[in-house]
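Before any comments, here is the structure.
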Amino acid sequence: MSGTSLDGIDVAAVQTDGRDRVIAGPALTAPYPHEFRERLRSVLGGRGPIAEIEDEITRLHAAAVEGFLSRHPMPTVDVIGFHGHTILHRPADRRTWQIGNGAALAQRLGQNVVADFRSADVAAGGEGAPLASLFHGALAAKLPKPIAVLNIGGVANVTWIGEDAQILAFDTGPGNALIDDWVLRHTGAQADFGGALACAGKAVSSAISRFLENPYFDRRPPKSLDRDDFRELMLTPLSLEDGAATLTEMTAAAVMAGTRHFPEAAREWLVTGGGRHNPSLMAALHRRLEVPVRPVEAVGWDGDALEAQAFGYLAVRSVEGLPLSLPSTTGVPRPTRGGRLFPAIASP
Ligand SMILES: Nc1ncnc2c1ncn2[C@@H]1O[C@H](COP(=O)(O)OP(=O)(O)O)[C@@H](O)[C@H]1O
Ligand SMILES: [Mg+2]
560 MSGTSLDGID
570 VAAVQTDGRD
580 RVIAGPALTA
590 PYPHEFRERL
600 RSVLGGRGPI
610 AEIEDEITRL
620 HAAAVEGFLS
630 RHPMPTVDVI
640 GFHGHTILHR
650 PADRRTWQIG
660 NGAALAQRLG
670 QNVVADFRSA
680 DVAAGGEGAP
690 LASLFHGALA
700 AKLPKPIAVL
710 NIGGVANVTW
720 IGEDAQILAF
730 DTGPGNALID
740 DWVLRHTGAQ
750 ADFGGALACA
760 GKAVSSAISR
770 FLENPYFDRR
780 PPKSLDRDDF
790 RELMLTPLSL
800 EDGAATLTEM
810 TAAAVMAGTR
820 HFPEAAREWL
830 VTGGGRHNPS
840 LMAALHRRLE
850 VPVRPVEAVG
860 WDGDALEAQA
870 FGYLAVRSVE
880 GLPLSLPSTT
890 GVPRPTRGGR
900 LFPAIASP
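Read the sequence shown against my numbering and you will find it ends at 907, with the numbers running on by one and no gaps.
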């Protein structure tokens, strides 16, 4: 998995039937070299030397899997889920674009690869995102409901799970991406590590009120966002610290705004993704949500690996012919299968 934060490739092993059985294995993140991250950033939106970057991202994924398997040898790998990297996500125009060559990865690794997870959903009229929701539902099967699983990646998305395993999922708003971009622009650092800048600054409440007037928040889910949908926020002329504090508060405010769409209030929030490492963001969520907010480690999940595990789970569902998305997770008209299998090519 390569998320919109552009931080690197997450590799995770999972044993699963693609239904209710899930046993998580080891995981690792292979960070992108700074130079590659900037080149990847340069093709966001679908412009520039995409073919070359696509070859390179495929090679980097092959290397990440090889590195993972040499550190964590396993007797067999049935299938590899290869999400690729989203460079464009515009479901209203029935377009979503993940770069990464599934056939080339299958050949390079000599493994079965499932890729292209989102396009069938988008072609059928769905948002193509979020897709980890069914996995969240399987993991949360035995937890008290209603529960909300919040993934704070570049964009933030929530999965609400009700008593009878009813699932509702949508992107809540920006996650880390705007904070990362702000900090990068002002300091050259990748993120507001430890939330230190936000902690030292003061959020500008008028900017947050203005932000919350965006019609996205009233739009009924399912709904999804492109990484840069709220990019104009970057233009506010604030100090480094106040900007970080304001963007952090906006992420939390957008999550709170999402609760208006829940059929019933969540009793608890479990937070996954890199954003849970940001104490300023976690504190902002605590303040606004008024029910327990805990990192997913509190229930024994691995929040750095969850998204990668989800695409392993979805790869198995794809092979089994099970739907990857539902009307309540992506807005697709009916439960929809997805993913494309590239079989391993036996070495001569
Ligand atoms: N220690 C930390 N302090 C603050 N933010 C962090 C920390 N570790 C990770 N992050 C944030 O998490 C992001 C990566 O999150 P991730 O879940 O991988 O997102 P994505 O799925 O979009 O790749 C980083 O870009 C950064 O913003
Ligand atoms: Mg990531």
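Even for Gly, the Cβ is constructed at its ideal location relative to N, Cα and C. It should be emphasised that the depicted structure is a prediction, and the values quoted were computed from it without experimental measurement.
Rounded separation between residue i and residue j - CA only
i	j	result
Arg-598	Thr-617	14 Å
Ala-766	Arg-596	30 Å
His-745	His-631	39 Å
Asp-637	Pro-796	52 Å
Ser-768	Ala-812	9 Å
Arg-876	Arg-899	11 Å
Pro-854	Ala-825	15 Å
Leu-628	Ala-583	15 Å
Leu-572	Gly-661	Here the sequence assigns Ala to residue 572, which means Leu is not the residue at that position. Going from the Cα of Ala-572 to the Cα of Gly-661 covers about 18 Å.
Asn-773	Gly-669	47 Å
Pro-781	Ala-623	33 Å
Val-814	Trp-741	20 Å
Glu-594	Arg-600	10 Å
Glu-808	Ala-762	7 Å
Thr-635	Gly-897	24 Å
Glu-800	Val-708	29 Å
Ala-700	Ser-887	17 Å
Gln-574	Gly-760	44 Å
Cut-off 8 Å between Cβ atoms - residues of its own chain near residue i, not counting five sequence neighbours on either side
i	result
Ala-816	Thr-731, Gly-732, Leu-771, Phe-776
Arg-786	Thr-563, Leu-603, Thr-645, His-648, Gly-713, Val-714, Ala-736
Arg-667	Thr-617, Arg-618, Ala-621
Gly-659	Ser-561, Glu-613, Ile-616, Thr-617, His-620, Phe-641, His-642, Gly-643, His-644, Ala-674
Gly-696	Thr-718, Ile-720, Ala-724, Ile-726
Asp-861	Ala-571, Ala-583, Ala-586, Val-855, Gln-868
Span of the beta strand (DSSP E) around residue i
i	result
Leu-829	827–831
Phe-595	No beta strand (DSSP E) contains Phe-595, which is instead part of the alpha helix (DSSP H) from 593–601.
Leu-709	706–711
Gln-657	654–658
Thr-718	714–720
Val-672	672–674
Beta-carbon proximity of residue i to residue j, cut-off 8 Å
i	j	result
Val-751	Asn-837	The residue asked about is misnamed: residue 751 is Asp in this sequence, not Val. Against a cut-off of 8 Å, the Cβ pair of Asn-837 and Asp-751 comes out as a contact.
Ser-783	Pro-650	yes
Asp-863	Ala-586	yes
Ala-755	Ala-903	no
Ile-720	Pro-703	no
Leu-806	Ile-711	no
Ser-692	Ala-728	yes
Arg-884	Val-878	Strictly speaking, residue 884 in this sequence is Ser, with Arg absent from that position. Contact flag unset, no.
Helix, strand or coil at residue i according to DSSP, with G and I counted as helix
i	result
Gly-898	coil
His-820	helix
Asp-569	strand
Pro-854	strand
Ile-582	strand
Phe-641	strand
Ala-842	helix
Ala-750	coil
Ala-589	strand
Thr-975	Because the chain here runs from 560 to 907, residue 975 falls outside it and cannot be looked at.
Thr-563	coil
Thr-635	coil
Residues of its chain near residue i, where Cβ-Cβ distance is below 7 Å and the 5 sequence neighbours each way are ignored
i	result
Pro-590	Asp-566, Gly-567
Pro-882	Pro-894, Thr-895, Arg-896
Val-850	Ala-825, Arg-826, Glu-827, Trp-828
Bounding residues of the alpha helix (DSSP H) (the contiguous stretch that carries residue i)
i	result
Ile-612	609–630
Ala-732	Here the sequence assigns Gly to residue 732, which means Ala is not the residue at that position. Counting along the chain, Gly-732 falls outside any alpha helix (DSSP H), though it belongs to the beta strand (DSSP E) covering 726–733.
Val-875	865–879
Val-681	678–682
Gly-696	692–698
Thr-889	886–889
Leu-664	661–668
Arg-893	Looking at the DSSP string, Arg-893 is not in any alpha helix (DSSP H), and its letter there is neither H nor E.
Lys-770	The sequence as given places Phe at residue 770; Lys does not occur at that position. Taken as a continuous stretch (DSSP letters only), the alpha helix (DSSP H) holding Phe-770 covers 764–771.
Ala-759	755–759
Test: residue i CB closer than 8 Å to a CB of chain C
i	result
Ala-766	No chain C appears in the structure shown, which is made up of a single protein chain.
Neighbourhood of residue i by C-beta, 6 Å cutoff - its chain only, sequence neighbours within 5 removed
i	result
Phe-694	Ala-869, Tyr-872
Arg-924	The question about residue 924 has no answer, for the chain in this structure spans 560 to 907.
Arg-847	Ala-811, Met-815
Ala-663	Thr-617
Cys-758	Ser-839
Asp-680	Gly-687, Ser-884, Thr-889, Val-891, Thr-895, Gly-897
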